[in-house]
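Note sheet for the following structure.
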Amino acid sequence: MDRHRSLRMTLLLAAGAAGCSSAKSRDIAVVTLAEPQATADDAGAADDPEAPGPRPQRSAGWVQEADGTVHRASPARCDATIAQRACAGTERSLQCRTDADCTEGPRGKCVSSFGQIGPYCGCEYACETDAECGPSEVCVCKGTGALREEHSVCAKALCAVDADCPGSTCGLSAYFNGCWEQVALACRTKDDACQSDADCAPDANPGVACVVPDIEGESARWECAGISCAIGRPLVVEGAPRAAQRAARDDWRAPAELDVASLPPEVRERAAAHYAAVAALEHASIASFARFSLQLLALGAPAALVGEAHRAALDELEHARLAYDIASRLAGRAIGPGPLLEAAAAPLGAGIAEVVEALVEEGCVGETLGAAEGRELSRIAADPALAAALARIAADEERHAALSWRALSWMLATFGEPARAAAERAFSRAAARFAVDPAPGLLAHEALGLLPAAALGALRREVLAEVVAPCRAALPGLSRDNAPAAPSSSPRGASA
Ligand SMILES: [Fe+2]
Ligand SMILES: [Fe+2]
9 MDRHRSLRMT LLLAAGAAGC SSAKSRDIAV VTLAEPQATA DDAGAADDPE APGPRPQRSA
69 GWVQEADGTV HRASPARCDA TIAQRACAGT ERSLQCRTDA DCTEGPRGKC VSSFGQIGPY
129 CGCEYACETD AECGPSEVCV CKGTGALREE HSVCAKALCA VDADCPGSTC GLSAYFNGCW
189 EQVALACRTK DDACQSDADC APDANPGVAC VVPDIEGESA RWECAGISCA IGRPLVVEGA
249 PRAAQRAARD DWRAPAELDV ASLPPEVRER AAAHYAAVAA LEHASIASFA RFSLQLLALG
309 APAALVGEAH RAALDELEHA RLAYDIASRL AGRAIGPGPL LEAAAAPLGA GIAEVVEALV
369 EEGCVGETLG AAEGRELSRI AADPALAAAL ARIAADEERH AALSWRALSW MLATFGEPAR
429 AAAERAFSRA AARFAVDPAP GLLAHEALGL LPAAALGALR REVLAEVVAP CRAALPGLSR
489 DNAPAAPSSS PRGASA
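The sequence shown begins at 9 in my numbering and counts up one residue at a time.
Here it is, written out as structure tokens:
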């Protein structure tokens, strides 16, 4: 059954071509890990009273401090059990059939996962000691600190133990960016922006933690980071999506009369955190579309595109109100947005390459995935009011995706090669980004519209292959090779 046919046909018409068949070609995303860095920065810090804490401990193995930070005093032997059920071979999607197919990491196991889109087999990898991991990696045991993985995992390591960080510690960073978990070890230094999660005001910023978000960068350091990978049209400023902090207010709510009384308190609280984060991103999308409409004006776009961009901003306002209301009902208290200061600081960025790259990643890919996910979530949501709210959002996102494809078609026809090259770059980045499953969320609860991570990852790849790739191929000058790599577990060190 071709369940994405309707979405594909809508977007093909928007892109200016109908009747293309679905694409099945695939890109392979390669995650390259850098060599370990020296820790010379920290030399002499042992004698420095201002050196960042915690001070090295004489303990062994993984050490958790009172402030929640975790560091590694010495190598530890981990339980390498992968408890997930083995692939039966009868699942709908088989990325592996037996453990012998799982060769990209240690102790590969071909496991079976289930989601609303059907049963699915993929590889998982675990480790017992560092020796089983790559040369720049260490083995992080299940349950260590904030690690979400359900088994031990090899992680990128700029240090292996505290002794590698003179005067400081070798900390464990488990950063969930909204799509997947990045696990890494790095020394804490005086250059760090934070020492623990408490420095990041986690109560006001759900999901924000003190982590090393760019372990591959030249200046990897500890800083506060939250969701940076989101579906839909984010407000990106200086390379990172921005959103307002939570505020206790009642004037950003559109009634979504879902029944929450029967849900256990812990489920309600976790689902509330999820929908509050969704609401903040929808709220930021208003600013993103406002900026997009200015970019369209700056580029001399047709009136129809400018008008659609303005209407889309109003749609996003309603999405934010619906999501804040759902979050408020689940939490049992009023949740709304605080000031979005970045809305005033966001540069226009009206160069054609800049506009096209953002349009492709956030619109042609992000909004298309958002539309498909919204449809799926509205289908599985048990509460009629929640299902109706999600269906409304999905219908709007489909219109926004169509706007994106129409705008891209116009930009390619108007600006030629610079626009084409920018689009190719952005499609390639998007394919790599969705090649791995997202990390397990706070809660997988299909009745509340929260898909399990493996199901979400598989759905996204399906939509990239069956909707995005043919729409891309329908545009003159663009290649059609936009399907993501096969569904897989996370690359070692960056868990799925
Ligand atoms: Fe939206
Ligand atoms: Fe949207």
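Virtual Cβ for every residue (Gly too), placed ideally from N, Cα, C. Fair warning: this is a prediction, and the values are worked out from it, not measured in the lab.
Straight-line CA distance for residue i to residue j?
| i | j | result |
| --- | --- | --- |
| E342 | R276 | The residue you asked about is not Glu; residue 342 is Ala in the sequence shown. Using only the alpha carbons, I get a separation of about 14 Å. |
| P484 | G357 | 25 Å |
| C232 | C218 | 4 Å |
| G359 | G175 | 47 Å |
| A430 | L307 | 16 Å |
| A251 | G346 | 9 Å |
| R387 | R13 | 16 Å |
| R229 | V191 | 14 Å |
| R468 | L385 | 13 Å |
| F435 | A309 | 22 Å |
| R257 | R329 | 12 Å |
| E58 | K198 | Caution applies to E58, whose pLDDT of 43 falls short of 50 and renders its modelled position unreliable; the value that the coordinates give is listed next. Answer to the nearest angstrom: the Cα atoms are 8 Å apart. |
| R254 | G116 | 41 Å |
| R407 | A201 | 40 Å |
| A288 | D138 | 40 Å |
| A84 | E158 | 17 Å |
| A476 | R16 | The sequence given here places Val at residue 476; Ala does not occur at that position. If you take the alpha carbons of V476 and R16, they lie about 8 Å apart. |
| C95 | A462 | 14 Å |
| E274 | V268 | 12 Å |
| Q124 | C173 | Note that Q124 has pLDDT 32, beneath the 50 cutoff, so the model's placement of it is unreliable and the number below is only indicative. Their Cα atoms are separated by approximately 46 Å. |
| P60 | Q203 | Only weak support exists for where P60 lies, its pLDDT of 46 falling under 50; the coordinates are left without a value. |
| A206 | G153 | 15 Å |
| A399 | D107 | 39 Å |
| E326 | D109 | 46 Å |
| R241 | A171 | 44 Å |
| P392 | L193 | 45 Å |
| G424 | L486 | 11 Å |
| C147 | W70 | 11 Å |
| L155 | L20 | 41 Å |
Give the range of the alpha helix (DSSP H) segment to which residue i is assigned.
| i | result |
| --- | --- |
| V314 | 311–339 |
| R407 | 392–423 |
| C479 | 477–482 |
| R276 | 273–306 |
| S14 | 13–23 |
| V364 | 360–366 |
| A7 | Because the chain in this structure spans residues 9 to 504, residue 7 falls outside the shown range and cannot be described. |
How about residue i and residue j: are their beta carbons less than 7 Å apart?
| i | j | result |
| --- | --- | --- |
| E290 | E324 | yes |
| E542 | V216 | Any property of residue 542 remains undetermined from this structure, which presents the chain solely from 9 to 504. |
| E145 | S120 | no |
| Y283 | P221 | no |
| Y133 | G113 | yes |
| L266 | L394 | yes |
| A402 | A438 | no |
| I223 | K164 | yes |
| C141 | C162 | yes |
| W413 | C479 | yes |
| L305 | L313 | no |
| C86 | C149 | yes |
| L420 | R428 | yes |
| A264 | A397 | yes |
| Q103 | G130 | yes |
| A410 | T18 | yes |
| V286 | A331 | yes |
| D333 | A280 | no |
| R278 | A354 | no |
| C135 | A88 | yes |
Determine the extent of the beta strand (DSSP E) in which residue i is found, giving its start and end residues.
| i | result |
| --- | --- |
| Q72 | 70–72 |
| S386 | Careful: S386 lies outside any beta strand (DSSP E), inside the alpha helix (DSSP H) at 376–388. |
| R468 | Careful: R468 lies outside any beta strand (DSSP E), inside the alpha helix (DSSP H) at 461–471. |
| E145 | 145–148 |
| V216 | Unbroken run through V216: none, as it is neither H nor E. |
| E231 | 231–233 |
| K117 | 117–121 |
| L243 | 243–245 |
| K164 | 161–165 |
| R261 | No beta strand (DSSP E) contains R261, which DSSP labels as neither H nor E. |
| R85 | Element bounds for R85: n/a, residue is neither H nor E. |
Using a Cβ-based criterion (distance less than 6 Å to any ligand heavy atom), does residue i qualify as near ligand 3?
| i | result |
| --- | --- |
| H79 | Absence of ligand 3 is noted for the structure shown, with ligand 1 and ligand 2 being the only ligands found. |
- Query: Does the region 279–296 come within contact of the region 316–333, defined as at least 3 CB pairs closer than 8 Å?
  - Reply: Of all C-beta pairs linking the region 279–296 to the region 316–333, three or more are shorter than 8 Å, placing the two stretches in contact.
- Message: Below 8 Å, how does it come out for the region 360–379 and the region 453–461: are there three or more Cβ pairs, yes or no?
- Response: Cβ pair count under 8 Å is below three, so no.
- Would you check if the region 68–88 and the region 161–179 touch, i.e. whether three or more CB-CB distances between them fall below 8 Å? Touching, per the Cβ criterion.
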